[in-house]
Each structure stands twice: as structure tokens, then as C-alpha cells.
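Asks: Everything in the sequence shown is counted per the numbering used here, starting at 1331 for the first residue and increasing by one. Take this structure first; my questions come after.
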Amino acid sequence: MGKRPNFLVIVADDLGFSDIGAFGGEIATPHLDALAMEGLRLTNFHSAPACAPTRAMLMTGVDPHIAGLGTHVEVLHPTQRGKPGYEGYLNERVATLPELLRDAGYLTLMSGKWHLGDTLETSPHARGFTRSFALLPGAANHYASSPKAGTGFPRQDTLYTEDDRFVDLPEDFYSSDGFTTKLLHYLDERDDDRPFFAYLAFSAPHWPLQAPDDLIAKYKGRYDAGPEALREERLDRLKALGLCAQDIKAHPIVAKNKPWDEMNDEERARSARAMEVYAAMVERLDWNVGRLVEYLKRTGELDDTVILFMSDNGAEGALIEAVPVFGPYLMDFISKYYDNSLANIGRSNSYVWYGPRWAQAATAPSRLYKTYTSQGGIRVVAFARAPSLVSAPGIGHAFSTVMDVMPTLLDLAGAAHPAPDYKGRKVVEPMGRSLLPWLRGEAEEVHPKDAVTGWEFFGRRGIRKGDWKAIWIPAPEGTGDWQLYNVAADPGETDDRAREEPTRLDELLALWDDYVEKAGVVMVAIPT
């Protein structure tokens, strides 16, 4: 076997489809843009509707309901508790990507958000990473100096691990900087010539929206026209870049909060400020990617490293304050311990999010956003840079999913998945397919035309075969009935074909029932 490539997988948390410049955004992301424009931008790459399930897909190549993350452990319903696939961590039915790459001779390194188990026994160290610095739960303040003392915040002392122990944060910690610094340290301490698998899992730009003051100031006034205007700007740039069709029909905005023209001056100022902070977070994330690229250039490893960048789901559009499960508690907590005055929004002792209208500026032309099985929740920004694989930079429109990453990297590493047996236990074979034949131009598609993919989260449902997709989303965001779309002709999911194509819908519903049975889905509608 010749020299095997290094792998660098970078995951952003809740990043919108058009947030970075190479995908139509106005935020300053020169480092990501350069990588994307040197590689293949993927317009049809799919995640799960939320972060933990997507990360399970990435680490195992299988459906999250099988891997142990059928839902977020934080909102596990009593009817799901104890059921296979709802353990809240990567279970014993799966072999992980770092485990298999480590077995194949790779140095496995991770820094960032894990969200695949909140104990030392289910941490990255326990699932194949030689070195790891990890935020175990799904979210945390981005600064170490955020309010702590006396708040009663649960598990404040067990949020972060390094290898096999819990650790405290340095006082100057900021998530994107700290995660990148730690990964650079792990790369720099190597003492042999093994290829590496490095996983950088940012927790930005997930709420709470917090960023350095100087970067926030750069965006002052940029969003004063509001989210609807930004949405039109982004759509125009997506068309100009060839990332969507000129005549595409975007799905209308669906939101319970006030439109921009009905807000008063104070409401607009606060909303625009939140978006300014969000933009600053994305720019800081990009700056840290630039630090990694500079390291790889300096060590002569950049072109020997396959780089995959992606978001873990669509932009986060929830009105967190209105979520029945935890919204009232969180709002009370924020009012006691944080300062969300206009001038302070974005600092370490503030705690805000930006809501559904800004999110749909980022997911357009797709429908809705994170936690939904519509395209806005599961079609995510992604690109691959691999000079040895991609003959020329460009745009790829083939359907693919996060489950395809594991088979692709194992293929490149010359490693086989061990299913059905791995170290004395039964494991599931990956459900994804290697991207390599498609990347090399040897295949027109990644998946066969009749391939079936299912999604479920919080009781919201989706099933796809080829270009046809059926979704079920409860009112008011959906209809409460199954809807049918040809997502190739109608990527915005605007033209429901259920009445015109009853036979096709029936076929998809039968496939949905089959998916539920095989994946072990336990459906519960979580109010949001």
C-alpha cells in the first residue's frame, strides 16, 4: 500500500447552509472559502435533523436510532428510556470510526464537542481517540468566565474531559480558540510518521451567541435591514455561484415571532445585534480553521490531508424561550445570572439566540431549520478538499449523507469494516456508501436511484427514495399530514404532490414503516 492520507474532519455546530462566503454568505470566511473553492462543494449532503444524531452517523456510519442516539438524551421520553438505540451514547452495537482507524495504524485525535456520551466510560477516549479534549454535553458557554459560582448549573464541573479524566478550563478559554489550540498541540506532539485522523468539532456557532468584542464591532449595522432582506441577498448569491437553480422556488418563511417591519426600534436593535454576534462567531471559527491550514502548510502535509468540512444540521431557528421542555427554566436562569442588555449581548455574561427568521435566511431556499425533517433541517453546508481525489475544483450535486463518511475514510485508509463481529461483540455494518467512486468520476451518483433513507426526530418524520421524499411535520410548522415532494425538481418543498401521486406516497409510507421497524424508532412528539 502506498502512503495513506491524513484525515481532517471539521464539524461546525448549527452553521447555516449559506453562512460562509463560498456558499453565498456575507460573513468573512476567507480560510473556509479558499478550501471550499479548491475542493468540491456539496449541495446535496444530508445530516440528521439535530447535532447528536448527526455525530453518531459520522462516528459509526449507521442510523442514529441504531447507534444509540435516537433522540437527545436531555429530552429522552419515558417510553424511549431503556429501549435499544436510545441509550444516549454510542452503544455496543457499533464500531466507531476512530476505533477502526486506530486499529488500522492511524493516530486518532479529537478536540471539541462530543455529545455522544456524558461519562468517562462513554467519552471519546473510551471510543477510539488516542488523544482527546472534549465538551461532553450538547452545549455550554463559549467562555470559561461565564457565570458559574452559586448558579447551581448542573454538571458544571464535569463538562470537559482530556483523555480519561475531567478537566477545568483556563480562564482565557474561548471555545473555537481553545479547541483549535488543543488539536494543534496534539498534532505538534507527534513522535512518529503514522497518518492521522483529526476531528475538530466546534461548538460554535451554537447558542449562546458569544464572541470577541472587536469581531462583533465589525458587523455593526450590517444586519439592520433585517432577516428577510438578508435572505434575498443570500439567495441571489447562491444562484450567482451556481449552487442552486436560477428559477428555484424558495419555501416561504415559517415563524411565530414578529416580522422585521412589525418590530419596534428596540426589538430590531436587539435582533440585529444577535445576528452580528453570530457572524462574529462564524468569522472566529474561520480564523481558527486558518490556523490549522497554516500548520499543515508549514509541515508540508496540506495536500496529503483529506479535509472534510460540514455542519451538523441546518441553522438553529428555535425560539428557545418558548420550548416547553426547558424554556421557562432557562429564561429564569438567564434573568438571574446573565446581562442581556443591548450593549452587553455577545459577551461572556450574556446568553442569547437569533430565532427562526435569521435561521431561514441561512437555510433558504430550503424549508424550515434544525430539528425538522424538511430540507432546511437536514441539507447542510459541506465540502471536501482532496487534491489527490478531486481532479478539478467544482460543485457536486449528488445525494449523500453523513453516513457515507465512515465508508469513505475506511476505503482511503485501506481498512475494512469488521461487521458482524468486532472484538467479541456483534456490530452493525455501515449503512452509508463510499464517496470515492463518485469523487474520482467513476460513478455519476453516490447512491443507487432506488436507495432509501429515513429520518426521525421529535416525532417528525421523513423518508426518501431517489428524488422523492415524504415528510410528516405537525402543525403549525407542518400540516399534520404526510406530504410528498420531488426534491430534485422542488428542493424548496413548496409543491405537495401527495394528492397527485397517491401510489408513490403509499410506496414511501410502506418504506417508512419498514424503516421504523429496522431502525427501532420509538416515536414521541416532543413539544418545541
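No residue lacks a Cβ here, since even glycine has one placed at the ideal position from N, Cα and C. None of the values given here were measured: they were computed from a predicted structure.
Check whether the region 1401 to 1420 and the region 1490 to 1499 touch, using three or more Cβ-Cβ pairs below 8 Å as the test.
Replies: These segments do not touch.
Asks: Say the cut is 7 Å; is the CB of Leu1839 nearer than that to a heavy atom of the ligand FAD?
Replies: Absence of the ligand FAD is noted for the structure shown, with no ligands found whatsoever.
Asks: Check Ser1663 in the structure and name its three-state DSSP category.
Replies: Before going further, note that residue 1663 is Phe rather than Ser in the sequence given. Three-state result, Phe1663: helix.
Asks: Using three-state DSSP, classify Met1736 as helix, strand or coil.
Replies: Note: Met1736 maps to helix in three-state DSSP.
Asks: Here's a check: name, in chain order, each residue in its chain whose Cβ is nearer than 7 Å to the Cβ of Asn1587, leaving out the five neighbours to either side.
Replies: Correct list, in chain order: Leu1649, Gly1685, Pro1686 and Arg1687.
Asks: Alpha carbon to alpha carbon, what distance is there between His1777 and Pro1557?
Replies: Going from the Cα of Pro1557 to the Cα of His1777 covers about 36 Å.
Asks: Within its chain, find whatever has a CB closer than 8 Å to the CB of Val1720; leave out the 5 residues flanking it on each side and keep chain order.
Replies: Taken in chain order, the residues that qualify are Gly1369, Leu1370, Ala1714 and Leu1769.
Asks: What ranges does the beta strand (DSSP E) occupy inside the region 1342 to 1386, keeping only unbroken runs of at least 3 residues that lie completely in it?
Replies: As far as the region 1342 to 1386 is concerned, its whole beta strand (DSSP E) runs of at least 3 residues are 1370 to 1372.
Asks: How would you call Thr1452, buried or exposed, if buried means at least 16 neighbouring beta carbons within 10 angstroms?
Replies: The residue in question, Thr1452, is buried, as its Cβ has 16 or more Cβ neighbours within 10 Å.
Asks: Report buried or exposed for Ala1528, applying the criterion of at least 16 other Cβ atoms within 10 angstroms of its Cβ.
Replies: Label assigned to Ala1528: buried.
Asks: What residue from Ala1818, Leu1338, Asn1618 and Leu1420 has the CA that sits closest to Pro1695's CA?
Replies: For the residues Ala1818, Leu1338, Asn1618 and Leu1420, the minimum Cα distance to Pro1695 belongs to Ala1818.
Asks: Ordered along the chain, which non-local residues of its own chain (more than five positions away) have a Cβ less than 7 Å from that of Arg1561?
Replies: Cβ within range, chain order: Gln1690, Ala1691 and Ala1694.
Asks: Does DSSP put Asp1634 in a helix, in a strand, or in coil?
Replies: Correct three-state label for Asp1634: helix.
Asks: Which whole-angstrom value describes the C-beta separation of Leu1427 and Met1389, a residue pair presumed to lie in contact below a C-beta threshold of 8 Å?
Replies: About 5 Å; that satisfies the 8 Å criterion.
Asks: Quick one: using the 10 Å Cβ neighbour count with 16 as the cut-off for buried, is Ala1746 buried or exposed?
Replies: Burial call: exposed.
Asks: What first and last residue would you give for the alpha helix (DSSP H) that runs through Gly1706?
Replies: Segment Gln1705 to Ile1708, the alpha helix (DSSP H) holding Gly1706.
Asks: Could you round the C-beta distance between Phe1526 and Leu1517 to whole angstroms and report it? I think they count as a contact, below 8 Å.
Replies: Right, their Cβ atoms sit about 7 Å apart.
Asks: Would you mind sorting Asn1594 into buried or exposed? The rule is 16 or more other CB atoms within 10 Å of its CB.
Replies: With fewer than 16 other Cβ atoms within 10 Å, it is exposed.
Asks: Given that a residue counts as buried once 16 or more other Cβ atoms are within 10 Å of its Cβ, and exposed if not, what is Phe1656?
Replies: With fewer than 16 other Cβ atoms within 10 Å, it is exposed.
Asks: Only counting the same chain, and skipping five residues up and downstream in sequence, which positions put a Cβ closer than 8 Å to that of Glu1606?
Replies: Excluding sequence neighbours, Glu1606 sits near Ile1546, Tyr1549, Lys1550, Arg1552, Tyr1553 and Gly1676.
Asks: With distances taken between CB atoms, is the gap from Ala1352 to Met1367 smaller than 8 Å?
Replies: In contact: Ala1352 and Met1367 (Cβ atoms closer than 8 Å).
Asks: Work out the CA separation of Met1761 and Ser1678 for me, nearest whole Å.
Replies: Going from the Cα of Ser1678 to the Cα of Met1761 covers about 41 Å.
Asks: Apply the 10 Å Cβ neighbour rule to Gln1576 and answer buried if 16 or more other Cβ atoms are within range, or exposed otherwise.
Replies: With fewer than 16 other Cβ atoms within 10 Å, it is exposed.
Asks: Can you round the beta-carbon distance between Arg1524 and Leu1437 to whole angstroms, since I take them to be within the 8 Å contact cut?
Replies: Rounded, the Cβ-Cβ distance is 5 Å, consistent with contact.
Asks: Would you please state the rounded distance, in angstroms, between the beta carbons of Gly1468 and His1445? I believe it to be under 8 Å.
Replies: About 5 Å; that satisfies the 8 Å criterion.
Asks: Which word fits Lys1799, buried or exposed, when buried means at least 16 other C-beta atoms lie within 10 angstroms of its C-beta?
Replies: Answer is buried; the Cβ neighbour count reaches 16.
Asks: Go through its chain and collect everything with a Cβ distance to Leu1489's Cβ below 7 Å, but skip five positions before and after it.
Replies: These residues qualify, in order along the chain: Leu1465, Leu1466, Pro1467 and Ala1470.
Asks: Do the region 1614 to 1633 and the region 1568 to 1582 meet, that is, are 3 or more Cβ pairs less than 8 Å apart?
Replies: Result no; under three Cβ-Cβ pairs closer than 8 Å.
Asks: Is there contact between the region 1615 to 1628 and the region 1654 to 1672, where contact requires at least three CB pairs shorter than 8 Å?
Replies: Too few Cβ pairs lie closer than 8 Å, so no.
Asks: Put Tyr1516 into one of helix, strand or coil per three-state DSSP.
Replies: Here Tyr1516 sits in helix by DSSP.
Asks: Specify whether the region 1637 to 1648 and the region 1332 to 1340 touch according to this definition: at least 3 beta carbon pairs, one from each stretch, less than 8 Å apart.
Replies: With the cut-off at 8 Å, the region 1637 to 1648 and the region 1332 to 1340 touch.
Asks: Let me check one thing: in DSSP terms, what residues is Thr1438 bridge-paired to?
Replies: Partner(s): Phe1527.
Asks: Closest to Val1711 by C-alpha separation, out of Arg1334, Lys1333 and His1376, would be which residue?
Replies: Ranking Arg1334, Lys1333 and His1376 by Cα distance to Val1711 puts His1376 first.
Asks: Here's the rule: buried if 16 or more other CB atoms are within 10 angstroms of the residue's CB, otherwise exposed. What is Lys1512?
Replies: It counts as buried.
Asks: Assuming Phe1463 and Gly1644 form a contact by the criterion Cβ under 8 Å, report the distance between their Cβ atoms to the nearest whole angstrom.
Replies: 27 Å between Cβ atoms; not a contact.
Asks: Ignore the nearest five residues each way along the sequence and tell me which others in Trp1802's own chain have a CB closer than 6 Å to its CB.
Replies: The answer, listed in chain order, is Arg1791 and Trp1812.
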